[in-house]
Every structure is written in structure tokens, then in C-alpha cells.
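Undergrad: All residue numbers for the sequence shown refer to the UniProt record's numbering, where the first residue is 1 and numbers rise by one. In this text, a Cβ means the ideal position worked out from N, Cα and C, and glycines have one as well. These numbers come from a predicted model, not from an experiment. Questions regarding the structure given below will be posed in turn.
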Amino acid sequence: MPLGVQLDYPWTIQQIPIGEQVDHLAYSSSSGMYVIGTSHRTEFKLPEDDELHPEWRNESMSHLLTSVQYAHNITVTSFFPEVQRSSLKVVSPKTWTVIDSPAEHVMAVKNMSLEISENTHERKDMIVVGTAFARGEDIASRGCVYVFEVIKVVPDPKRPEMDRKLRLVGKEPVKGAVTALSEIGGQGFLIVAQGQKCIVRGLKEDGSLLPVAFMDVQCHVSVVKELKGTGMCIIADAVKGLWFAGYSQMISDVDAMDVDIKIPRHQMLITSQNGSVGLVTCVSEESYRRLSALQSQLTNTIEHPCGLNPRAFRAVESDGTAGRGMLDGKLLFQWLDMSKQRKVEIASRVGANEWEIKADFEAISGEGLGYL
Numbered sequence: 001m002p003l004g005v006q007l008d009y010p011w012t013i014q015q016i017p018i019g020e021q022v023d024h025l026a027y028s029s030s031s032g033m034y035v036i037g038t039s040h041r042t043e044f045k046l047p048e049d050d051e052l053h054p055e056w057r058n059e060s061m062s063h064l065l066t067s068v069q070y071a072h073n074i075t076v077t078s079f080f081p082e083v084q085r086s087s088l089k090v091v092s093p094k095t096w097t098v099i100d101s102p103a104e105h106v107m108a109v110k111n112m113s114l115e116i117s118e119n120t121h122e123r124k125d126m127i128v129v130g131t132a133f134a135r136g137e138d139i140a141s142r143g144c145v146y147v148f149e150v151i152k153v154v155p156d157p158k159r160p161e162m163d164r165k166l167r168l169v170g171k172e173p174v175k176g177a178v179t180a181l182s183e184i185g186g187q188g189f190l191i192v193a194q195g196q197k198c199i200v201r202g203l204k205e206d207g208s209l210l211p212v213a214f215m216d217v218q219c220h221v222s223v224v225k226e227l228k229g230t231g232m233c234i235i236a237d238a239v240k241g242l243w244f245a246g247y248s249q250m251i252s253d254v255d256a257m258d259v260d261i262k263i264p265r266h267q268m269l270i271t272s273q274n275g276s277v278g279l280v281t282c283v284s285e286e287s288y289r290r291l292s293a294l295q296s297q298l299t300n301t302i303e304h305p306c307g308l309n310p311r312a313f314r315a316v317e318s319d320g321t322a323g324r325g326m327l328d329g330k331l332l333f334q335w336l337d338m339s340k341q342r343k344v345e346i347a348s349r350v351g352a353n354e355w356e357i358k359a360d361f362e363a364i365s366g367e368g369l370g371y372l
């Protein structure tokens with residue numbers, strides 16, 4: 001059995017040592033390769049090309065230097081602070097070896113189907129990378145969007161698996177760190193979270209990324225997720241706020257993004273720091289009222305593990321504004337395990353029939369997490 005393989009779990013796990021901290025991962029479906037963003041500790045030195053502080057170019061950090069004299073020789077050692085430095089690596093799933101590693105501070109890595117020709121409207125899977133340049137507290141951060149293609153190259157005969165490489169297709173320096181990326185709409189565009197703005201961009205044949213539409217978000221954006229086939233996306237900012245934004249395909253409308261909470265039913269897969277996985281589903285107002293009443297009935301009638309208080313556990317913490325709690329699907333589905341008579345009795349208390357509740361369950365479960 002290969003080293004690093006664990007068979008103690010429902011899924012077979014194999015640990016692949018990379019040698020650096022892995023921060024981002026994307027699968028290139030066109031090449032069958034994984035592109036990962038890694039980071040490692042490195043010495044921080046004052047930038048030599050800074051225009052705001054040209055005096056830094058002659059800065060010797062003398063207050064951090066120590067000199068030790070041995071006879072006629074003087075040894076000078078510099079104690080620089082350390083920062084994280086990022087790099088991109090292409091990993092082959094056949095051999096799990098790093099086959100290409102260019103270098104910058106990587107904030108986001110995504111595989112996207114982008115339009116690569118304005119004339120033929122041809123689309124191709126690309127690896128899009130968002131980066132950031134942080135040069136100190138008094139200098140505004142900058143960023144860059146890179147578009148790579150995983151291509152085949154002639155490998156070393158001794159290492160035939162080294163036959164892939166990242167080819168730079170497009171590059172766009174921007175103001176503000178690029179913190180999140182996602183596809184959006186059906187035209188092969190992407191949405192870029194840069195600084196305090198979210199900008200929809202299109203890849204041109206000269207490698208530049210043309211701005212198409214934008215929206216101000218006022219703070220750092222951590223995640224952007226597209227709702228497939230709707231032209232809409234969910235944006236999460238640093239203060240845990242969620243934005244439902246829609247992009248119109250009217251190119252002449254620069255202000256084409258707007259907040260809109262009327263979205264089709266979609267499911268979001270979420271994870272937590274303790275390793276749990278959950279599914280959040282949008283429901284209609286009618287279904288919410290019916291399932292909320294059912295949840296109240298189940299809370300009062302079934303026994304709870306360890307005598308815990310489910311009402312306190314699901315209470316909504318707010319700053320005084322009105323708000324409603326999220327329904328607990330795991331609790332609601334316990335209704336299905338009851339006897340026929342018991343299910344009908346509880347359904348009548350809710351003011352619904354058995355089939356209405358089952359229809360609500362079917363709507364919120366969908367494919368669900370049954371594959372886990």
C-alpha cells in the first residue's frame with residue numbers, strides 16, 4: 001500500500017506532502033491538473049522601487065544589524081522581519097509531483113470558462129489568479145489579475161510526467177488587493193473583488209481584462225459565488241454581510257449590478273471550523289411558515305439529546321432589529337421517522353396535510369448531502 005494512504009474513513013485518504021502551506025486549490029478540467037496556491041515564510045525587505053519613499057532605497061536597517069569582529073574580519077548579520085510569500089504550483093494527479101512553480105501573494109485561484117475571442121466568441125477553461133501587494137501600513141495595497149492556461153510542453157525524457165506548464169494569457173494590474181474571483185453571466189465574463197469594488201471584466205485578445213460593470217461594496221470582500229445560469233452572485237464581505245447581486249448583459253449599462261434578494265431556489269454548501277458540512281436552501285415564504293410551525297411542534301414533542309435546549313441553541317442573536325431564525329433540516333426530517341398516525345396528528349396541528357409537508361421536504365432536500 002502506498003505511503004500516506006489512510007483507510008480508516010469512509011473515503012480513502014492519501015496525504016501528499018507539498019512542503020509549503022496550501023492556501024488555494026483549483027482543478028483544471030481541460031488539462032486534468034491541479035493548480036494550488038501555497039505560501040511560506042520569507043524575509044521582508046523595504047521596496048526599492050517605491051515612489052512615495054525614495055529614501056528607503058538607501059535604508060540599511062542599521063538598527064537591526066549586529067557586527068561581530070573576529071581578528072581582521074567583520075561579519076554582519078541582518079535580522080529582517082518575516083512575511084508570507086506565495087507561489088503557484090501545477091500538480092499532476094498521476095504522480096502528485098509539482099511540475100511548475102512560478103512566484104507573489106496569492107489571494108484567490110479559480111478555474112473558469114472564459115471567452116478568449118471577441119470575434120469567434122470561443123470559450124476555454126482558464127486558471128484565474130488574484131494577487132495582492134502589501135508594502136506597509138502607509139502605502140495603499142495593489143493587486144493583479146492573472147489568466148493562465150495549462151499547456152503541454154516537451155518533458156525531460158527522464159521525467160515524462162513533467163509535461164505541463166502554466167502559460168500566461170492575460171494580466172491586469174488593478175488598484176486594491178484582488179481578494180475574490182468568480183464567473184458571472186453567460187458571456188464568459190468574470191467578477192473581480194478588488195479593494196472596495198466588485199468589477200465585471202472580460203478577457204480581450206490582447207490579454208487585458210476590460211471592465212464591463214462595477215458595484216461599490218464599501219469594505220473587504222472575502223468570497224464571491226455565482227448562482228449558475230442566473231447571472232447573479234452572492235458576495236460576502238469582511239463584516240459577515242451577504243450581498244445578492246445581479247449582472248445585466250446590457251454592456252452599455254455600466255451600473256448593471258444591483259442588490260436583489262428575489263432569487264431562484266438555490267443551495268449553498270457551507271463548512272465550519274470544526275469540520276462540519278452543511279447545506280443552506282432558500283425557501284418560499286409559505287414553505288417557511290409551514291416548516292417553522294412544524295419545527296415548533298417537533299421541539300415540544302420529541303426528546304432531545306442530553307436534555308439540551310433546542311430553542312436556545314437556535315435563538316437568533318441580533319442588535320435589536322427584527323429577524324427570524326434558520327430552520328433546522330435535521331430536526332424537521334425526524335418527522336419522517338414517526339408513525340403514520342403521529343405524522344398526520346402533527347401535520348394537522350401545523351394546519352397542513354401530510355403531502356404538503358413532504359413536498360416542502362423534497363424542495364429543500366433536492367440532491368442534498370446524500371452522497372456523503
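#1: In three-state DSSP terms, what is V22?
#2: Enumerate in chain order the residues of its own chain whose CB-to-CB distance from S117 is below 8 Å, with the five nearest sequence positions on each side excluded.
#3: DSSP three-state call for F244: helix, strand or coil?
#4: Per DSSP, which residues does N111 bridge with? Please list them.
#5: Taking the straight line between their C-alpha atoms, what separation do you get for E354 and M268?
#6: Taking V129 as the reference, give the member of E356, K343, H24 and F333 with the closest Cα.
#7: Could you check where the alpha helix (DSSP H) with V344 kicks off and where it finishes?
#8: On the DSSP bridge list, what partners appear for L209?
#9: Please confirm whether C233 and K225 have their CB atoms less than 8 Å apart.
#10: Out of curiosity, what's the CA-to-CA distance linking S182 and G229?
#11: Do you know offhand how far S39's Cα is from G278's?
#12: Check this for me: beta carbons of G4 and I16, under 8 Å apart or not?
#13: Give me the Cα-Cα distance between Q84 and E43, rounded to the nearest whole angstrom.
#14: Which class does I364 belong to by DSSP, given the choice of helix, strand or coil?
#15: Going by DSSP, which residues form a beta bridge with T281?
#16: Under three-state DSSP, which class holds S143?
#17: Taking the alpha carbon of Q297 as the reference point, which residue from F333, G275 and V280 has its own alpha carbon closest?
#18: Provide the residue span of the alpha helix (DSSP H) that contains K330, from first to last.
#19: List the whole-angstrom C-beta distance separating I235 from V221, where the pair is believed to meet the contact cut-off of C-beta under 8 Å.
#20: By the 10 Å Cβ neighbour count, where 16 or more other Cβ atoms means buried, how is M112 classified, buried or exposed?
#21: How about the stretch 189 to 198 and the stretch 172 to 179: do they share at least three Cβ pairs that are nearer than 8 Å?
#22: How about I184 and A26: do their beta carbons lie closer than 8 Å?
#23: When the Cα atoms are used, what is the spatial distance from C144 to K358?
#24: Along the chain, where does the beta strand (DSSP E) that runs through H121 open and close?
TA: Let me spell this out:
#1: Judged by DSSP in its simplified three-state form, V22 adopts strand.
#2: Counting only residues of its own chain and dropping the five nearest sequence neighbours on each side, S117 has a CB closer than 8 Å to the CB of E205.
#3: For F244, the three-state secondary structure derived from DSSP is strand.
#4: The beta-bridge partner set that DSSP reports for N111 consists of I127.
#5: Distance between the alpha carbons of E354 and M268 is about 27 Å.
#6: Of the listed residues, the one whose Cα sits closest to V129 is H24.
#7: It spans K340 to V350 - the alpha helix (DSSP H) in which V344 sits, taken as one unbroken run.
#8: DSSP lists L203 as partners of L209.
#9: Yes, they are a contact pair.
#10: So the two alpha carbons sit approximately 13 Å from each other.
#11: Taking the straight line joining both Cα atoms gives about 28 Å.
#12: In this structure, G4 lies near I16, with their beta-carbon atoms less than 8 Å apart.
#13: Their backbone Cα atoms lie some 9 Å apart in a straight line.
#14: Of the three classes helix, strand and coil, the one that applies to I364 here is helix, per DSSP.
#15: The partner list for T281 (beta bridge, DSSP) reads Q267.
#16: According to the sequence displayed, residue 143 carries Gly and not Ser. Residue state, collapsed to three classes: strand.
#17: For Q297, the closest of F333, G275 and V280 by C-alpha to C-alpha distance is F333.
#18: K330 -> alpha helix (DSSP H) spans G329 to L332.
#19: About 6 Å; that satisfies the 8 Å criterion.
#20: It is buried - the Cβ of M112 has at least 16 other Cβ atoms within 10 Å.
#21: Per the Cβ contact rule, the stretch 189 to 198 is in contact with the stretch 172 to 179 (3 or more Cβ pairs under 8 Å).
#22: Contact flag unset, no.
#23: In this structure, the CA atom of C144 is about 49 Å from the CA atom of K358.
#24: Here H121 belongs to no beta strand (DSSP E), and DSSP marks it neither H nor E.
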